[in-house]
Amino acid sequence: GAVVSQHPSWVICKSGTSVKIECRSLDFQATTMFWYRQFPKQSLMLMATSNEGSKATYEQGVEKDKFLINHASLTLSTLTVTSAHPEDSSFYICSVRPGLAGVASYNEQFFGPGTRLTVL
Amino acid sequence: AQTVTQSQPEMSVQEAETVTLSCTYDTSESNYYLFWYKQPPSRQMILVIRQEAYKQQNATENRFSVNFQKAAKSFSLKISDSQLGDTAMYFCAFMRNSKLTFGKGITLSVRP
Numbered sequence: 001g002a003v004v005s006q007h008p009s010w011v012i013c014k015s016g017t018s019v020k021i022e023c024r025s026l027d028f029q030a031t032t033m034f035w036y037r038q039f040p041k042q043s044l045m046l047m048a049t050s051n052e053g054s055k056a057t058y059e060q061g062v063e064k065d066k067f068l069i070n071h072a073s074l075t076l077s078t079l080t081v082t083s084a085h086p087e088d089s090s091f092y093i094c095s096v097r098p099g100l101a102g103v104a105s106y107n108e109q110f111f112g113p114g115t116r117l118t119v120l
Numbered sequence: 121a122q123t124v125t126q127s128q129p130e131m132s133v134q135e136a137e138t139v140t141l142s143c144t145y146d147t148s149e150s151n152y153y154l155f156w157y158k159q160p161p162s163r164q165m166i167l168v169i170r171q172e173a174y175k176q177q178n179a180t181e182n183r184f185s186v187n188f189q190k191a192a193k194s195f196s197l198k199i200s201d202s203q204l205g206d207t208a209m210y211f212c213a214f215m216r217n218s219k220l221t222f223g224k225g226i227t228l229s230v231r232p
């Protein structure tokens, strides 16, 4: 399987500040990355799809001005939570999809270890 | 839109026994993929098994196997010879056009 890293693994910030989370694909190029949010004991909810070199596609109900996504290279996508509030506290997980069509893993997603965000 | 239903919030099984986790889904599509993911306390998502909808044969991976009933839109996971390390949250997921939709998950506890 593919190796995906996230940084930081956890972060605590004050209300009103912005926090950036990085997602890196370490061993293959990822044209598409996904960002999920998971509350304790709940499922993963897709927030947005990040495409290299183009604007991200946000799911319904996700504020694009609050959750800024930048996919500037084939190995890096960032999620910035702007003006964070306590209700933004959650576990954020990224996943990557290999960029090679026809490869068996093309229809798989490989997940990062997640980032725990706590907003005070 | 696709929906994935896992109606059992939690289950418990004795070590070395067999347990089956249920999952149903709803879709109007004919081509899609189904997955079971495991999320241990570390919260790292781990792929357990994958099933292509166009394949009639049920997927198997060592102690893990699925019962895929396409007409009934059912996709259950059977874990044989349960081990303590199988204790985790398990998510059933549907993929279409590269987007994953997850069920609510089930917490599985393996008792020693």
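Residue numbers (our numbering), protein chains in the order written: chain V, 1 to 120; chain S, 121 to 232.
For glycine and all other residues, C-beta sits at the position ideal for the given N, C-alpha and C.
Under the three-state DSSP convention, the category residue i falls into
| i | result |
| --- | --- |
| residue 147 of chain V | Chain V is shown from 1 up to 120; residue 147 of chain V falls before or after that span and cannot be answered. |
| residue 206 of chain S | helix |
| residue 102 of chain V | At residue 102 of chain V the pLDDT is 45, less than 50, meaning the model places this residue with poor confidence; the figure from the coordinates comes in the next sentence. Coil at residue 102 of chain V, not helix or strand. |
| residue 87 of chain V | helix |
| residue 159 of chain S | strand |
| residue 183 of chain S | coil |
Pairwise C-alpha distance: residue j and residue i
| i | j | result |
| --- | --- | --- |
| residue 120 of chain V | residue 12 of chain V | 7 Å |
| residue 118 of chain V | residue 86 of chain V | 7 Å |
| residue 82 of chain V | residue 67 of chain V | 6 Å |
| residue 101 of chain V | residue 57 of chain V | With a pLDDT of 48 at residue 101 of chain V, under the threshold of 50, the modelled position of this residue cannot be trusted, and the question is left open. |
| residue 104 of chain V | residue 14 of chain V | Residue placement at residue 104 of chain V is poorly supported in this model, since its pLDDT is 45, which falls under 50; the coordinates still yield a value, given next. Approximately 43 Å, taken between the alpha carbons. |
| residue 90 of chain V | residue 39 of chain V | 5 Å |
| residue 123 of chain S | residue 216 of chain S | 12 Å |
| residue 111 of chain V | residue 70 of chain V | 18 Å |
| residue 183 of chain S | residue 64 of chain V | 42 Å |
| residue 45 of chain V | residue 230 of chain S | 27 Å |
| residue 135 of chain S | residue 197 of chain S | 17 Å |
| residue 125 of chain S | residue 94 of chain V | 23 Å |
| residue 143 of chain S | residue 76 of chain V | 34 Å |
| residue 205 of chain S | residue 177 of chain S | 27 Å |
| residue 61 of chain V | residue 137 of chain S | 43 Å |
| residue 164 of chain S | residue 113 of chain V | 5 Å |
| residue 3 of chain V | residue 167 of chain S | 13 Å |
| residue 149 of chain S | residue 41 of chain V | 30 Å |
Closest residue to residue i among the options (Cα-Cα distance)
| i | options | result |
| --- | --- | --- |
| residue 27 of chain V | V:17, V:96, V:48 | V:96 |
| residue 107 of chain S | S:123, S:121, S:147, S:157 | The displayed coordinates of chain S run from 121 to 232. Any statement about residue 107 of chain S would go beyond what the structure contains. |
| residue 224 of chain S | S:232, S:212, S:166 | S:212 |
| residue 214 of chain S | S:173, S:132, S:161 | S:173 |
| residue 92 of chain V | V:42, V:107, V:115, V:50 | V:115 |
| residue 50 of chain V | V:8, V:2, V:22, V:113 | V:22 |
| residue 16 of chain V | V:94, V:4, V:108, V:80 | V:80 |
| residue 18 of chain V | V:108, V:84, V:109, V:88 | V:84 |
| residue 220 of chain S | V:59, V:20, V:6, V:72 | V:59 |
| residue 30 of chain V | V:72, V:9, V:113 | V:72 |
Proximity test, residue i beta-carbon vs the ligand SAH heavy atom, cut-off 7 Å
| i | result |
| --- | --- |
| residue 74 of chain V | Questions concerning the ligand SAH fall outside what the structure shown contains, since it holds no ligand whatsoever. |
Host beta strand (DSSP E) of residue i (start-end)
| i | result |
| --- | --- |
| residue 78 of chain V | 76 to 81 |
| residue 46 of chain V | 44 to 51 |
| residue 131 of chain S | 130 to 134 |
| residue 34 of chain V | 32 to 38 |
| residue 229 of chain S | 226 to 231 |
| residue 118 of chain V | 115 to 119 |
Residues bridged to residue i (per DSSP)
| i | result |
| --- | --- |
| residue 214 of chain S | S:154, S:221 |
| residue 171 of chain S | S:154 |
| residue 7 of chain V | V:22 |
| residue 189 of chain S | S:194 |
| residue 140 of chain S | S:198 |
| residue 146 of chain S | S:123 |
| residue 63 of chain V | Bridge partners of residue 63 of chain V: none, in fact. |
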